[in-house]
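These notes are about the structure you will find just below.
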Amino acid sequence: MVVLGSVIAVLFVLPLWWAAVSALRPQRETFATLSPVSLWTLLPRGLTIGNFDRLFDAEFGRALLNSTVVTVATLVIGLAICATAAFALAVLHFPGRGVVFAVMVVSFLIPFDAIAIPLMSIFRDAHLENTYLALVLPGVGNGFAVFLLRGFFLGVPVDLAEAARVEGLGWWGVFWRIYLPLSRPALIGAGLILFVFQWQAYLWPLLIAPDPEMTVAPVAIAQFAGQQGVDFGAIFAGAVLTALVPLLILLFFQRYFTQSVSSSGLK
Amino acid sequence: MHQNRTFALTAAAILSLAAAGCGDGGDDSGQDAGGNTTLTFVNAQDPGTFDKVIAAFEKANPTIKIKQQAVPFDDLNSTVQSRLGAKDADIDLYDVDEPRLAAFASRGFLEPLDDLRGQAEGKIDPNALKITSYDGKQYAMPRWTSTQLLYFNKDLLAKAKVAAPSSDPAQPITWEQVTADGKKAQDAGAKYGLIFDQVDRYYQLQPLAESLGGGPGLSGADLLQPDVTNAGWTRAFTWYHDIFQSGVAPRGINPEQTPGLFATGGTAFFAGGPWNAAAFDKEKSVDYGVAPFPRFAPGKPATSTDSWSTGISPFSDSKDAAKKFLSYMTIDAAGATATTSNNIPVQKEAFQTYLKNLGAKGERYQQIADIIEQSLGATAVSRPITTGFVDFESVMNKAFADIRNGTDATTRLTQAGQELDRDLAKYRTK
Numbered sequence: 068m069v070v071l072g073s074v075i076a077v078l079f080v081l082p083l084w085w086a087a088v089s090a091l092r093p094q095r096e097t098f099a100t101l102s103p104v105s106l107w108t109l110l111p112r113g114l115t116i117g118n119f120d121r122l123f124d125a126e127f128g129r130a131l132l133n134s135t136v137v138t139v140a141t142l143v144i145g146l147a148i149c150a151t152a153a154f155a156l157a158v159l160h161f162p163g164r165g166v167v168f169a170v171m172v173v174s175f176l177i178p179f180d181a182i183a184i185p186l187m188s189i190f191r192d193a194h195l196e197n198t199y200l201a202l203v204l205p206g207v208g209n210g211f212a213v214f215l216l217r218g219f220f221l222g223v224p225v226d227l228a229e230a231a232r233v234e235g236l237g238w239w240g241v242f243w244r245i246y247l248p249l250s251r252p253a254l255i256g257a258g259l260i261l262f263v264f265q266w267q268a269y270l271w272p273l274l275i276a277p278d279p280e281m282t283v284a285p286v287a288i289a290q291f292a293g294q295q296g297v298d299f300g301a302i303f304a305g306a307v308l309t310a311l312v313p314l315l316i317l318l319f320f321q322r323y324f325t326q327s328v329s330s331s332g333l334k
Numbered sequence: 002m003h004q005n006r007t008f009a010l011t012a013a014a015i016l017s018l019a020a021a022g023c024g025d026g027g028d029d030s031g032q033d034a035g036g037n038t039t040l041t042f043v044n045a046q047d048p049g050t051f052d053k054v055i056a057a058f059e060k061a062n063p064t065i066k067i068k069q070q071a072v073p074f075d076d077l078n079s080t081v082q083s084r085l086g087a088k089d090a091d092i093d094l095y096d097v098d099e100p101r102l103a104a105f106a107s108r109g110f111l112e113p114l115d116d117l118r119g120q121a122e123g124k125i126d127p128n129a130l131k132i133t134s135y136d137g138k139q140y141a142m143p144r145w146t147s148t149q150l151l152y153f154n155k156d157l158l159a160k161a162k163v164a165a166p167s168s169d170p171a172q173p174i175t176w177e178q179v180t181a182d183g184k185k186a187q188d189a190g191a192k193y194g195l196i197f198d199q200v201d202r203y204y205q206l207q208p209l210a211e212s213l214g215g216g217p218g219l220s221g222a223d224l225l226q227p228d229v230t231n232a233g234w235t236r237a238f239t240w241y242h243d244i245f246q247s248g249v250a251p252r253g254i255n256p257e258q259t260p261g262l263f264a265t266g267g268t269a270f271f272a273g274g275p276w277n278a279a280a281f282d283k284e285k286s287v288d289y290g291v292a293p294f295p296r297f298a299p300g301k302p303a304t305s306t307d308s309w310s311t312g313i314s315p316f317s318d319s320k321d322a323a324k325k326f327l328s329y330m331t332i333d334a335a336g337a338t339a340t341t342s343n344n345i346p347v348q349k350e351a352f353q354t355y356l357k358n359l360g361a362k363g364e365r366y367q368q369i370a371d372i373i374e375q376s377l378g379a380t381a382v383s384r385p386i387t388t389g390f391v392d393f394e395s396v397m398n399k400a401f402a403d404i405r406n407g408t409d410a411t412t413r414l415t416q417a418g419q420e421l422d423r424d425l426a427k428y429r430t431k
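Protein chains in written order, with the working numbering: chain P, 68 to 334; chain V, 2 to 431.
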């Protein structure tokens with residue numbers, strides 16, 4: 068069983084390894100070793116950083132920085148908005164709570180691509196094109212993150228909130244001092260959802276922020292595929308760099324992420 | 002991932018059409034307080050392609066600045082369509098893929114440029130002006146054109162004791178000969194006999210059917226009737242099926258990967274564009290020769306053509322300034338020369354300069370220049386100018402892929418004809 072598991076794990080890693088190796092060798096070698104598959108398909112003969120040179124000559128660094136700024140801003144603002152919304156829907160009793168929650172659930176079932184065009188018109192009317200705000204805003208109100216956090220908050224014993232209220236703590240205090248500290252795994256899970264949404268965003272940045280100064284990493288990588296040739300080396304290099312960030316974050320937080328998904332919805 | 006992205010953009014573009022209108026949002030008042038105008042030019046060309054022409058234009062016109070917005074190549078059409086569908090006044094000029102011009106013009110996404118046409122006559126190739134016109138109006142200014150030729154690996158052919166094809170532009174080898182020689186080269190050690198640069202794409206495969214008298218695949222006054230099951234099409238794509246079935250050409254290779262397979266030295270023949278030569282030279286691992294694009298033995302020579310043109314958005318606030326730049330970039334000889342990268346300019350003086358510069362790079366490039374001149378003048382076949390081209394191309398590219406993967410050509414072309422009959426019906430009623 069262990070052997071089988073290990074073999075399957077290695078098979079999953081091989082394409083990623085191949086992409087990483089291809090980022091570090093000349094493009095010609097990548098193609099020359101493709102067929103027949105041999106050890107040299109997976110091991111580089113000549114190492115080069117030329118692919119990374121071309122990548123950064125095309126100002127990929129700025130695109131990566133843009134992606135980072137947009138993602139971090141989305142994480143901070145988005146978590147604040149989603150957590151407060153989830154708290155209201157889980158703990159506070161107000162008329163129409165069920166309807167609001169139902170609308171929110173439906174909202175995350177609608178593909179973003181379907182609303183991108185009308186949303187673009189609204190943003191352009193507000194003169195938000197080519198701004199960080201335009202890139203960040205659609206990511207901060209994430210229905211799935213609210214759904215996840217609400218499920219976790221419902222699992223927090225109501226007695227805790229009631230006791231705190233009796234002691235004179237306001238709702239804001241209950242949220243800040245009781246629910247948030249208890250919900251770290253769920254917050255990390257929701258944060259990862261917001262992170263992935265923004266980190267891989269492609270269609271929206273292409274439509275609303277087409278200026279070169281505002282290009283984000285996925286769009287910058289796609290620009291290496293031209294009409295008269297594709298710079299696979301630079302694409303591999305960009306993909307490796309872009310994948311490294313979420314990879315490290317996932318490795319660090321995977322325990323919390325699994326915990327948050329498995330425990331949300333449990334009472 | 003890539004297909005999902007393309008699908009998403011296409012879906013978004015279709016949605017945007019519901020909101021599209023033909024109104025003119027521009028009053029040519031797109032100047033800042035200092036009287037300066039900034040034009041936004043959306044394109045999908047390699048970085049640096051327009052740097053020289055923009056610098057020269059800005060020097061001569063200090064009150065006009067050109068800002069480029071580069072869009073990934075595969076997403077240009079759908080992105081532009083989505084943005085113009087939302088009447089995005091931020092786009093002043095944009096690159097138009099010539100076979101898509103009719104669809105863009107019919108939706109009101111292009112400003113008529115009949116005044117520029119008057120200036121262009123006599124200076125730009127009339128065929129290029131014709132294919133950028135629709136319904137009697139000029140909708141974009143042609144910038145470049147293209148053609149196809151046959152590259153061959155000298156070492157692999159010599160090893161197989163196969164005579165190299167002639168580089169004489171008027172003496173193209175036949176596809177039957179290419180197949181037989183490719184097979185011999187494989188027997189002598191070549192990995193592949195023949196590879197098409199743009200495998201499964203209508204642009205490069207249209208000449209196969211045209212060579213056998215099959216036409217472009219569309220007929221009728223508006224080119225909206227499918228005609229892909231005639232004898233020419235059936236024979237051409239039975240041959241296409243057979244080269245993959247017999248292993249002369251490889252399956253499972255994307256167009257993005259094909260030049261790399263010739264450049265690494267394992268392929269006997271490669272059908273591609275003049276632009277591939279620069280990439281092959283860069284790799285330095287293949288000694289290659291060039292020949293005119295093949296024809297079928299019982300048929301006539303036919304070659305792909307056309308390329309990119311530039312149009313002006315009807316929603317632009319700076320149409321006059323945009324026309325000034327467009328005129329300089331396409332009609333003015335100096336501008337058209339400065340714009341050229343690896344592409345062939347259609348401005349007559351720039352074209353001659355291009356051929357001269359190409360020939361000056363050595364004997365092989367002189368042969369390429371001769372082939373370009375001959376094919377553009379005598380054998381070029383444009384893609385059909387019709388509002389239904391995008392649907393047509395999409396259906397046919399899928400059919401080509403199925404035929405490559407083993408589906409019988411006659412059966413698949415019949416199915417494609419039925420699909421086209423349904424898909425093109427919506428354009429016929431307009």
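No residue lacks a Cβ here, since even glycine has one placed at the ideal position from N, Cα and C.
Fair warning: this is a prediction, and the values are worked out from it, not measured in the lab.
Using the beta-carbon count (16 or more within 10 Å), is residue i buried or exposed?
| i | result |
| --- | --- |
| phenylalanine 42 of chain V | buried |
| alanine 141 of chain V | buried |
| lysine 184 of chain V | buried |
| arginine 322 of chain P | exposed |
| tryptophan 176 of chain V | buried |
| glycine 22 of chain V | At glycine 22 of chain V, the pLDDT of 37 sits below 50, so the modelled position is not reliable and the matter cannot be decided from this model. |
| methionine 68 of chain P | exposed |
| arginine 144 of chain V | buried |
| aspartate 120 of chain P | exposed |
Just the Cα atoms here: how many angstroms apart are residue i and residue j?
| i | j | result |
| --- | --- | --- |
| valine 287 of chain V | leucine 200 of chain P | 50 Å |
| serine 168 of chain V | leucine 359 of chain V | 16 Å |
| glutamine 207 of chain V | aspartate 403 of chain V | 16 Å |
| valine 54 of chain V | alanine 339 of chain V | 5 Å |
| aspartate 25 of chain V | phenylalanine 105 of chain V | Residue confidence is low: aspartate 25 of chain V scores 38 on pLDDT, short of 50, so the model does not pin down where it sits. Its coordinate-derived value is still stated next. C-alpha separation (whole angstroms): 15 Å. |
| valine 158 of chain P | valine 223 of chain P | 10 Å |
| alanine 301 of chain P | phenylalanine 270 of chain V | 27 Å |
| valine 225 of chain P | leucine 259 of chain P | 27 Å |
| alanine 121 of chain V | asparagine 209 of chain P | 53 Å |
| phenylalanine 123 of chain P | glycine 163 of chain P | 52 Å |
| serine 89 of chain P | glycine 128 of chain P | 20 Å |
| lysine 162 of chain V | proline 173 of chain V | 20 Å |
| valine 241 of chain P | leucine 94 of chain V | 56 Å |
Counting only beta-carbon separations shorter than 8 Å, does residue i have a partner in chain V?
| i | result |
| --- | --- |
| leucine 335 of chain P | Since the first and last residues shown for chain P are 68 and 334, residue 335 of chain P lies out of range. |
| leucine 274 of chain P | yes |
| arginine 95 of chain P | yes |
| alanine 384 of chain P | Residue 384 of chain P lies beyond the range of chain P shown here (68 to 334); nothing can be said about it. |
| aspartate 120 of chain P | no |
Taking 7 Å as the line, does the beta carbon of residue i fall inside it for any heavy atom of the ligand ADP?
| i | result |
| --- | --- |
| leucine 225 of chain V | In the structure on display, the ligand ADP does not appear, and there are no ligands present to speak of. |
Any Cβ of chain P within less than 8 Å of the Cβ of residue i?
| i | result |
| --- | --- |
| asparagine 62 of chain V | no |
| asparagine 398 of chain V | no |
| phenylalanine 281 of chain V | no |
| asparagine 358 of chain V | no |
| asparagine 343 of chain V | yes |
| serine 286 of chain V | yes |
| aspartate 28 of chain V | Any reading at aspartate 28 of chain V must be qualified, since the residue scores a pLDDT of 42, below 50, and its modelled position is unreliable; no value is offered. |
| glycine 190 of chain V | no |
| glycine 194 of chain V | no |
| threonine 430 of chain V | no |
Could you list the residues in the region 283 to 309 of chain P with a C-beta less than 7 Å from some C-beta on chain V, going in chain order? Cβ contacts with chain V come from Val286, Ala289, Gln290, Ala292, Gly293, Gln294, Gln295, Gly296 and Val297.
Measuring CB atoms only, is the region 68 to 88 of chain V touching the region 359 to 379 of chain V, in the sense that at least three cross pairs come out at less than 8 Å? no
Residues of the region 185 to 199 of chain P in Cβ contact with chain V at a cutoff of 9 Å, in chain order, please. Taking 9 Å as the Cβ-Cβ cut-off, the region 185 to 199 of chain P approaches chain V at Pro185, Met187, Ser188, Arg191, Glu196 and Asn197, given in chain order.
Proximal residues, the region 79 to 104 of chain V versus chain P, C-beta separation under 7 Å: If you check each beta-carbon in the region 79 to 104 of chain V against every beta-carbon of chain P, the ones closer than 7 Å belong to Thr80, Ser83, Arg84, Gly86, Ala87, Asp89 and Asp91.
Below 8 Å, how does it come out for the region 384 to 400 of chain V and the region 203 to 220 of chain V: are there three or more Cβ pairs, yes or no? yes
Please list the residues of the region 295 to 318 of chain V that have a C-beta atom closer than 7 Å to any C-beta atom in chain P, keeping them in chain order. none
Is the number of C-beta pairs between the region 323 to 342 of chain V and the region 411 to 427 of chain V that are closer than 8 Å three or more? They do not touch, by the three-pair rule.
Interfacial residues, the region 261 to 273 of chain P to chain V, with Cβ spacing under 8 Å: Tyr269, Leu270 and Leu273
Inter-stretch contact (C-beta, 8 Å, three-pair minimum) for the region 229 to 236 of chain P and the region 171 to 183 of chain P: no
Proximal residues, the region 258 to 273 of chain V versus chain P, C-beta separation under 9 Å: Listed by position along the chain: Gln258, Pro260, Gly261, Leu262, Ala264, Thr265, Gly266 and Gly267.
For the structure I just gave you, are there three or more beta carbon pairs, one from the region 244 to 257 of chain V and one from the region 413 to 430 of chain V, closer than 8 Å? Cβ pair count under 8 Å is below three, so no.
Determine contact between the region 78 to 93 of chain P and the region 306 to 323 of chain P, defined as no fewer than three beta-carbon pairs at a distance below 8 Å. yes
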